[in-house]
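Residue numbers (my numbering), protein chains in the order written: chain D, 126 to 324; chain Z, 126 to 324.
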């Protein structure tokens, strides 16, 4: 893993956690290294083994590797702000959720379960020295048309994937700072309560 | 990690993935070992550092350790089917999502982001030899009242957490088989497409 630009990104944790979780962050620039097909498969293999409500596995994925038409179509679905930096990623993944259960009723837990799968994907990526940047900013309606996404499915995010170690100076000036500022999270007390809702 | 009852649960993967992902499964019985407060903090620390849309961190958690009133209140929120086995877990966690963004609009990605946090929690737990079993089957309306969960938040799951190595024979007969049957997932081709929606 290339730590050249990431030391200041390591989570300042009060309690000991796995390095694959503490050292993960979401860059907007990636190194020039390509991602091979075997690695793509390993990432989706990790996602695939997540838990899900009734084992429905409501996650679907469309991916493209840089230099392919598939990649360009995913890239073009992004809002301009994201498109300007995401094109340095060697891999783009569109995540999609199946909205109904087998009985036709809405699956309230579908998005949660997609998140579990992407949690696996994220930790596995970090273990391979790869970074992710999840994006909500894309034209999901356009993507539904462009990729013929069937009714009952909904595109959720586009994720840029690549090796750490991109050069922040290749980014527009207003985005450079984000590559080096420390990560911030709410204190544990604000998100966790013992027997009571955290306030 | 106690592998005594888990060997047949190891994911049959085509591609190499982290053991913390391949060996995870969702038991309905746990060993007698307690979980200490330090471990509880490590799990939530891992969850806390997940990515989220605009860094909103829409995850909230209420937990209880066995033997406390907090635990009993979470246990009592479960539907009878889950209550019958979950009480062997030393730790119960209720996961909750903040439904709106700071601007008051619905946060479509909130459930996905809670899933990302629970993905971290899950891998960290496995790294510590702990198993999770997520449950959708609980009285969330009753939980909102019992725990005074504010408007704009929604209880999503209750998660049983404990060490692997429980004795399946302590379970009702109809639940014993699930502790040893191999895990099943859809083939990768059914969930992943290169440039096209997987069919």
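Glycine included, each C-beta is placed from N, C-alpha and C at the ideal position. From a predicted model like this one, the values you see are computed outputs, not experimental measurements.
Chain-ordered chain Z contacts of residue 239 of chain D [CB-CB under 8 Å]: 237, 240
Can you check whether the C-beta of residue 132 of chain D is within less than 8 Å of a C-beta belonging to chain Z? no
According to the Cβ coordinates, are residue 253 of chain Z and residue 164 of chain Z closer than 8 Å? yes
Identify the continuous alpha helix (DSSP H) that holds residue 267 of chain D and give its terminal residues. 265-271
Where residue 275 of chain D meets chain Z, residues with beta-carbon distance less than 8 Å: Result: 322.
Three-state secondary structure (DSSP) at residue 319 of chain D? Note: residue 319 of chain D maps to strand in three-state DSSP.
Any beta strand (DSSP E) of 3 or more consecutive residues that is wholly inside the stretch 208-289 of chain D: 216-223, 255-260, 278-288
Looking only at its own chain, which residues have a Cβ that is under 8 Å from the Cβ of residue 133 of chain D, when we skip the five neighbours before and after it? 305, 306, 307
Against chain Z, with Cβ distances strictly below 8 Å, would residue 337 of chain D count as a contact? It is not possible to answer for residue 337 of chain D, since the shown part of chain D is limited to 126 through 324.
CB of residue 223 of chain Z within 8 Å of CB of residue 179 of chain Z, strictly: no
Ends of the alpha helix (DSSP H) at residue 300 of chain D? 298-301
By alpha-carbon positions, which one of Z:321, Z:324, Z:313, Z:322 ends up nearest to residue 166 of chain D? Z:313
Rounded straight-line distance, which links the Cα of residue 230 of chain Z to that of residue 210 of chain D: Whole-angstrom Cα-Cα distance: 27 Å.
Where the stretch 139-152 of chain D meets chain Z: residues whose CB sits under 9 Å from a CB there: Taking 9 Å as the cut-off between beta carbons, the residues of the stretch 139-152 of chain D near chain Z are 139, 140, 141, 142, 143, 145, 146, 147, 149, 150, 151, in sequence order.
Strictly below 9 Å CB to CB, what residues from chain Z border residue 193 of chain D? By Cβ distance, chain Z contributes 319, 320.
Out of curiosity, what's the CA-to-CA distance linking residue 141 of chain Z and residue 248 of chain D? 14 Å
Own chain residues within Cβ distance below 7 Å of residue 147 of chain Z, not counting five before or after: 135, 136, 138
Whole-angstrom C-beta distance between residue 237 of chain Z and residue 176 of chain D, which should lie under 8 Å: Contact flag wrong, Cβ pair sits at about 15 Å.
Taking 8 Å as the CB-CB limit, is residue 226 of chain Z close to chain D? So, not an interface residue.
Does the Cβ of residue 220 of chain Z have 16 or more other Cβ atoms within 10 Å, making it buried, or fewer, making it exposed? If you draw a 10 Å sphere on the C-beta of residue 220 of chain Z, you find 16 or more other C-beta atoms in it, and that means buried.
Is the beta carbon of residue 153 of chain D less than 8 Å from the beta carbon of residue 182 of chain Z? no
What does the alpha-carbon distance come out to for the pair residue 201 of chain D and residue 286 of chain D? 16 Å
Less than 8 Å between the C-beta atoms of residue 279 of chain Z and residue 156 of chain Z, yes or no? no
Taking only the alpha-carbon atoms, compute the straight-line gap between residue 272 of chain Z and residue 322 of chain D and give it to the nearest angstrom. 6 Å
Check whether chain D comes within 8 Å of residue 249 of chain Z, counting only Cβ atoms and requiring the distance to be less than that. yes
Closer than 8 Å, CB to CB, is residue 169 of chain D near chain Z or not? yes
For residue 199 of chain D, the first and last residue of its enclosing alpha helix (DSSP H): 194-202
On the CB-based measure, 16 or more other CB atoms within 10 Å of its CB, does residue 295 of chain Z come out buried or exposed? exposed
Is the shortest distance between the beta-carbon of residue 286 of chain D and the beta-carbons of chain Z less than 8 Å? no
Please go through the same chain and pick out, in chain order, the residues whose beta-carbon is closer than 6 Å to the beta-carbon of residue 171 of chain Z, but skip the five residues on each side of it. 245, 246, 249
Alpha carbon to alpha carbon, what distance is there between residue 255 of chain Z and residue 150 of chain Z? 10 Å
Under the rule that 16 or more other beta-carbon atoms within 10 Å means buried, what is residue 317 of chain D, buried or exposed? buried
Going by the CB atoms, is the gap between residue 217 of chain D and residue 262 of chain D shorter than 8 Å? no
Who pairs with residue 168 of chain D in a beta bridge, going by DSSP? None, per the DSSP bridge assignment.
Identify whether residue 146 of chain Z lies in helix, strand or coil by the three-state DSSP scheme. helix
Closest to residue 196 of chain D by C-alpha separation, out of D:206, D:212, D:205, would be which residue? D:212
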